[in-house]
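Line by line, the protein sequences are chains U and Z.
Those letters in the first sequence? Residues 1 to 761, by our numbering.
Those letters in the second sequence? Residues 1 to 188, by our numbering.
Just so you know, even glycine gets a beta-carbon here, dropped at the ideal spot from N, CA and C.
Report on the structure given below.
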Amino acid sequence: MKRRGFVLGAIGSGAALIVGWGAMPQRSRLGTRSTLPAQADGIALNGWIRIAPDGGVLLAMPRVEMGQGVHTALPMLVAEELDLPLARVRLVPAAAETIYGNVALFLAALPFHPSEEEPGRESGRLKAGRWIVGKLARELGLSVTGGSTSVVDAWELLRYAAATARAQLLGAAALQWKLPVSELNAEDGVVSHSSGPRAHYGQFAAAAAGTPVSDVQPKPRSAWKLIGTAAPRTDLAGKVDGSARYGIDVRLPEMVYGVLSMGPTLGGSPGTMKTDAALRVSGVERVVQIGGDTGTNAGVVVLARSTWHARRGLAALEVEWRPPPARLIDSERIAVALEAVAREERGLAFRSRGDVDAAESAAARRIEAVYHAPYLAHAAMEPISCTARVAGGKVEIWASTQVPDFARAAAAIAAGVPVDAVTLHVPYLGGGFGRRLDADFVGPAVRVAMETSGRPVQLIWPREEDIRHDFYRPAGVAVMSAGLDANGLPVSLRVTTAGDAVTPRWIERNLPWMAGPIDLPDKTTSEGLFDQPYGVPNQRIAHVATHSGVPVGYWRSVGHSHNAFFGESFIDELAHAAGRDPVDFRLALLADSPRHAEVLRLATQKAGWGSALPAGRARGVALHESFGSVVAWVAEVSIEAGVPRVHRVVCAVDCGTVVNPGIVAQQIESGVIFGLSAALHGRIDIVGSAVQQQNFPDYPVLKMADAPRIETHFVPSERPPGGMGEPGTPGIGPAVANALFGLTGVRARKLPLGAVNSGSP
Amino acid sequence: MTLIDNAGAGVCVQQEERDARMELSVNGQAHDLPDESVDPAMPLLWVLRDVLQLTGTKYGCGVAACGACTVHVAGQAVRSCVLPLSAVGKQPVRTIEALGSAVAPHALQRAWIEHQVPQCGYCQSGMLMAAAALLAQNPDPSDAQIDAAITNICRCGTYPRIRAAIRSLARPAPAVPAARRKPPKAKP
């Protein structure tokens, strides 16, 4: 309460502080030469950029590569401003410094309505909120890769850092050559003058370092050579020859392999244990019990000379697993309870406009529907692992993590050492999807490594542990009603969703000092609904935050992942109730959302909306904004052997300025297939606190044979970039569901849509 | 011909070697496997990753469901996470590390880059090995044959690009001079 009052108070008085807000944040995050100390391989010009002796650039890279292409997109910004070929920007790991914190992530958490966020027309409230949250986020300086924010956060910052470095280098050249800086030219990392002098950046780095930083402006759009091109990804060579190293690939001398079991239930713990048989398994070295105090469930680890020997040891271990102390969790019971609270409680209104009660009673018709979405696991391809070495009061860890600061903190807590005694290496991530925004897997590895006299330990979670002990996408329910006028257009929209809020639980786990006695409102619970783009004069869009006891976490597109299904299915219901074409109906409601209308028009035009299809096929459409990007999906669907089959998906996207259209298309394809796996098959069932699914045979995901053709089309835009890691995911489910309605006449209001072969391999 | 058949049928084949030092041929190199660190029942995947430290071959599910562990044994794509060492015997094993080389990449590796296939990349070793085995047997696979042959899982959703990359190399066998084709063969 106290903290909330402080924040709101600050927002109220913040208007006076907005003056000068524009350029300052970038300047304050530029860092100094000492942030990125000079090393043999180059001379630092600021906290981001070091110039190599050969004139190339070394860029401090605080964001992790998990498939989203950020190790290509961010260097592109720097190569553009420094007039260098992309290949000459090399990445070096960023240290744990606050300038590398992700500020955009925190700004995006502010629950403002899009009408207040339009670039250049931001409301005073919004500017003030951003000012205070930005300041806090810069102080906090948390390096996080998530929330589709890497390019959003780096967009101004990295271009400013590179443009500043370029100005310093050219300034040094001008001084040395005694020529006016305005007459110098820079191309491919070479500075030249028409009178003859030519030299690469490396020759000016020493002179440039420490020269005053003037306020430079990044290049105008018209001068871009690299931004906007489909530059090939920089990380693919190692990904096609097996040399790319992921966390699970770390191999160290004397390393011992550990395999973790956390038992059959969420929150259970090992009781009586007979270790004799396990220790008799050849290759097994020892059995270590993990308490519940290391940031994860309690469990047992078998250490052995290989992962396989450890698994054999685990199979031979006799453990009597104790059930969790809390009330047993049952996902079916939770779904019933969620629907009840969504019907009975008013919840917290994230959007309230007009008079919904009056509009509903005056409406010609009223439509109501209830939608359900299940729990989901992440199931990234690389199983969870962490490698740790503890010796001489120092801890070294290798972890595929989206939250390096949390990983270091978890290691320090587990080992009882200061954070400065922890060295972290982050290899490639074999997928993240939000699972690795929790660092729960670090503590146990460090604890086990404290038992091995300095030998490094690689602790692996078998796939079964990954599925059964995830932080799940929360189950959700939406109770929705709309009042329609005589023409079938909605005059009121009432949405009450219910489900666990992810952010407060995540803060409790990862930033416990920030967790208050009550949960603050979590925008992610209502995102995609409270900010829906359709013009309805009376709206009340609310959420009831529940506490199911299920461990919940961020899952690609978070609240959008189910809220788009609720909202975009329901608007389709309204279109059909009005007897209107679903696209025309949407367009009629988008008069005040031209950006959305444009995206919808492009997708439907490219998909041939309205044109004839082979018998047995139907199209469905969805439109959804998330993470600052607007996407429309048109899915062509048939039903084969009782199961939906998606043949073709046409997407249009307005993600603002496109840094790399090749990577954006990849992310659309990726998001569509990830969302389609969830829409057709994804469900986690919990019975007696035991997750029923455990591996791909019973948690099926899309395979090649089920993958549709996917097209991506762009609406040109000069807005700042929006996020792209997640926006491809939310709308594919409703697009398919809407197509199925066209085929069957039955509205699917519960996910997953497809038949699920639960339990059978 | 799937790995599961191999695993089931092959368990007893090499029993007589149990007492001898085990030898494994990987990527054209013979490896003596010390008795104390391996076991005839140990799946090939873990021998590759944890004993020989060839980490390009990935663990994804351990139950032959995802294909991240796909390698070639005697030219056939197999899921090494369920293939015991005893079933491999003296058959040559080829892993992603030897699918091509830096100077002479496999045509599929070039196609993978041309089509910008990988995202996180974790499943791609298995995808490439499965695709290479398919093309070696069927130089002109249809989409349906690709779907049937490549049942590997990718969570980043690279399937459409994988299909396009394979199709870009697929060509009717008689139409192409043999010299232009590079059938992926296990090294001697």
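Buried or exposed: which applies to residue i, given that a residue is buried once 16 or more other Cβ atoms fall within 10 Å of its Cβ?
i                : result
Trp155 (chain U) : buried
Ser214 (chain U) : exposed
Gly656 (chain U) : buried
Ala315 (chain U) : exposed
Gln217 (chain U) : exposed
Gln667 (chain U) : buried
Met76 (chain U)  : buried
Met514 (chain U) : exposed
Val288 (chain U) : buried
Val256 (chain U) : buried
Ala364 (chain U) : exposed
Glu23 (chain Z)  : exposed
Glu124 (chain U) : Note that residue 124 (chain U) is Gly in the sequence shown here, rather than Glu. Exposed, because fewer than 16 other Cβ atoms sit within 10 Å of the Cβ of Gly124 (chain U).
Give the straight-line distance between the Cα atoms of residue i and residue j, rounded to the nearest whole angstrom.
i                : j                : result
Ala209 (chain U) : Leu45 (chain U)  : 5 angstroms
Val63 (chain Z)  : Arg79 (chain Z)  : 9 angstroms
Leu751 (chain U) : His372 (chain U) : 6 angstroms
Leu266 (chain U) : Arg346 (chain U) : 31 angstroms
Lys178 (chain U) : Gly55 (chain U)  : 21 angstroms
Val300 (chain U) : Ala607 (chain U) : 53 angstroms
Arg311 (chain U) : Ala98 (chain Z)  : 28 angstroms
Glu139 (chain U) : Arg94 (chain Z)  : 52 angstroms
Met480 (chain U) : Leu489 (chain U) : 16 angstroms
Ala632 (chain U) : Leu600 (chain U) : 5 angstroms
His469 (chain U) : Val190 (chain U) : 53 angstroms
Val395 (chain U) : Val259 (chain U) : 20 angstroms
Gly292 (chain U) : Ser269 (chain U) : 8 angstroms
Gly682 (chain U) : Thr525 (chain U) : 20 angstroms
Leu86 (chain U)  : Lys239 (chain U) : 19 angstroms
Ile146 (chain Z) : Gly60 (chain Z)  : 21 angstroms
Leu437 (chain U) : Ile684 (chain U) : 20 angstroms
Gly313 (chain U) : Cys66 (chain Z)  : 24 angstroms
Ser168 (chain Z) : Arg161 (chain Z) : 10 angstroms
Thr57 (chain Z)  : Leu128 (chain Z) : 11 angstroms
Is there a Cβ from chain Z that is less than 7 angstroms from the Cβ of residue i?
i                : result
Asn695 (chain U) : yes
Lys703 (chain U) : yes
Trp633 (chain U) : no
Met262 (chain U) : no
Phe674 (chain U) : yes
Thr307 (chain U) : yes
Glu465 (chain U) : no
Can a CB atom of chain U be found closer than 7 angstroms to the CB of residue i?
i                : result
Glu97 (chain Z)  : yes
Thr55 (chain Z)  : yes
Gln124 (chain Z) : yes
Cys120 (chain Z) : yes
Ala170 (chain Z) : no
Gly60 (chain Z)  : yes
Met42 (chain Z)  : yes
Gln109 (chain Z) : yes
Val88 (chain Z)  : no
Asp143 (chain Z) : no
Val63 (chain Z)  : yes
Just checking: is the beta-carbon of residue i within a distance shorter than 7 angstroms of some beta-carbon in chain C?
i               : result
Cys66 (chain Z) : Among the protein chains of the structure shown, namely U and Z, there is no chain C.
Is any non-hydrogen atom of the ligand MN found closer than 6 angstroms to the C-beta of residue i, if you look at the structure I gave you?
i                : result
Phe204 (chain U) : The ligand MN is not part of the structure shown, which contains no ligands of any sort.
**Prompt:** Can you list the beta strand (DSSP E) stretches of 3 or more residues lying completely in the stretch 377-410 of chain U, in chain order?
**Reply:** 385-391, 394-399
**Asked** For the stretch 150-166 of chain Z, which residues have a CB atom closer than 9 angstroms to at least one CB atom of chain U, in sequence order?
**Response** Correct list: Ile150, Thr151, Asn152, Ile153, Cys154, Arg155, Cys156, Gly157, Thr158, Tyr159, Pro160, Arg161, Ile162, Arg163.
**Item:** Ranges of the beta strand (DSSP E) found wholly within the stretch 307-350 of chain U, counting only runs of at least 3
**Value:** For the stretch 307-350 of chain U, the continuous beta strand (DSSP E) assignments of 3+ residues that do not extend past its boundaries occur at 318-322, in sequence order.
**Members of the stretch 231-251 of chain U near chain Z, C-beta cut-off 9 angstroms** = Near chain Z, meaning a CB-to-CB distance below 9 angstroms, the residues of the stretch 231-251 of chain U are Pro232, Arg233, Asp235, Leu236, Ala237, Gly238, Lys239, Val240, Asp241, Gly242, Ser243, Ala244, Arg245, Tyr246, Ile248, Asp249, Val250, Arg251.
**Proximal residues, the stretch 113-133 of chain U versus chain Z, C-beta separation under 8 angstroms** = none
**Message:** By the 9 angstroms beta-carbon criterion, what residues does the stretch 21-51 of chain Z contribute toward chain U?
**Reply:** Glu36, Ser37, Val38, Asp39, Ala41, Met42, Pro43, Leu45, Trp46, Val47, Arg49, Asp50, Val51
**Request:** Please name the residues in the stretch 364-392 of chain U whose beta-carbon is closer than 8 angstroms to at least one beta-carbon of chain Z, in chain order.
**Result:** Ala379, Ala380, Met381, Glu382, Pro383
**Request:** Name, going along the chain, the residues of the stretch 406-425 of chain U whose beta-carbon falls closer than 9 angstroms to a beta-carbon of chain Z.
**Result:** none
**Request:** Using a Cβ-Cβ cut-off of less than 9 angstroms, list which residues of the stretch 64-77 of chain U approach chain Z; keep chain order.
**Result:** Glu65, Met66, Gly67, Gln68, Gly69
**Prompt:** For the stretch 273-303 of chain U, which residues have a beta carbon sitting closer than 9 angstroms to at least one beta carbon of chain Z?
**Reply:** Ser282, Gly283
**Message:** Please give me, in chain order, every unbroken run of the alpha helix (DSSP H) with length at least 4 that falls completely inside the stretch 96-171 of chain Z.
**Reply:** 107-114, 124-137, 143-149, 159-169
**Asked** What runs of the alpha helix (DSSP H), each 4 residues or longer, lie entirely inside the stretch 38-117 of chain U?
**Response** 70-82, 103-107
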